[in-house]
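Participant: Before anything else, here's the structure in question.
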Amino acid sequence: DATTKVAGVEDMAGEWMGLDIGPESVKMFGEEIGKCNTIVFNGPMGVFEMPAFSNGTFSVAKYLAEATERGATTIVGGGDAVAAVNQGGYGDKVSHISTGGGASLELLEGKELPGVAALSED
């Protein structure tokens, strides 16, 4: 039962908090995701657990599903991101899901992961 309003980041003042992305950002993310062939989603866009602040996250999850359907590779990493995508009904519509968000990013950075290194040892 939170009081909400849509505002640009420069318009937030006082005790207001940005708890979700707004419609302009949702549109922008949709346009950019539509251009990509590989997308890594590593965290929700807002406090998706609260319905008033879930639109941004669920919209991005929908865009990921649409991208996957057209042939893009979509990777969801991190427990909160996985929970959001599943809660939105898109968990089976993305390419890959991993609860290891931080580890996934480290792997993409080229860092050695101890568990993967142990599997690779002779």
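With the numbering used here applied, the sequence shown covers 5 to 126. Ideal Cβ placement from N, Cα and C applies to all residues, glycine included.
Does the Cβ of VAL10 have 16 or more other Cβ atoms within 10 Å, making it buried, or fewer, making it exposed?
Facilitator: Here residue 10 is taken as the residue at index 6 of the sequence shown, counted from 1. When all chains shown are included, VAL10 counts as exposed.
Participant: So what does DSSP say about GLY60, is it helix, strand or coil?
Facilitator: Position 56 of the sequence shown, counted from the first residue, corresponds to residue 60. GLY60: helix per DSSP, three-state reduction.
Participant: Tell me ASP72's beta-bridge partners as DSSP assigns them.
Facilitator: The residue labelled residue 72 in the question sits at position 68 within the sequence shown. The question names Asp, yet the displayed sequence has Thr at residue 72. Paired residues: none, contrary to the question.
Participant: Taking the straight line between their C-alpha atoms, what separation do you get for ALA128 and GLU28?
Facilitator: In this structure the chain extends from 5 to 126, so residue 128 is not present and cannot be described.
Participant: Could you give the first and the last residue of the continuous alpha helix (DSSP H) run that contains PHE45?
Facilitator: Locating residue 45 in the sequence shown gives position 41, where the first residue counts as 1. Segment 42-45 is the beta strand (DSSP E) holding PHE45; no alpha helix (DSSP H) there.
Participant: Assess, as a yes-or-no matter, whether the region 84-96 is touched by the region 108-120 under the definition of 3 or more beta carbon pairs within less than 8 Å.
Facilitator: The answer is no - the region 84-96 does not touch the region 108-120, with fewer than three Cβ pairs under 8 Å.
Participant: So, helix, strand or coil for GLY81, using DSSP?
Facilitator: Taking the first residue of the sequence shown as position 1, residue 81 is located at position 77. Three-state result, GLY81: strand.
Participant: Tell me SER102's beta-bridge partners as DSSP assigns them.
Facilitator: In the sequence shown, counting from the first residue as 1, residue 102 sits at position 98. Answer is GLY81.
Participant: Hey, ASN41 and THR77 are a contact pair by Cβ (cut 8 Å); roughly how many whole angstroms apart?
Facilitator: Within the sequence shown, the letter at position 37 stands for residue 41. Within the sequence shown, the letter at position 73 stands for residue 77. Their Cβ separation, rounded to whole angstroms, is 7 Å, which keeps ASN41 and THR77 in contact under 8 Å.
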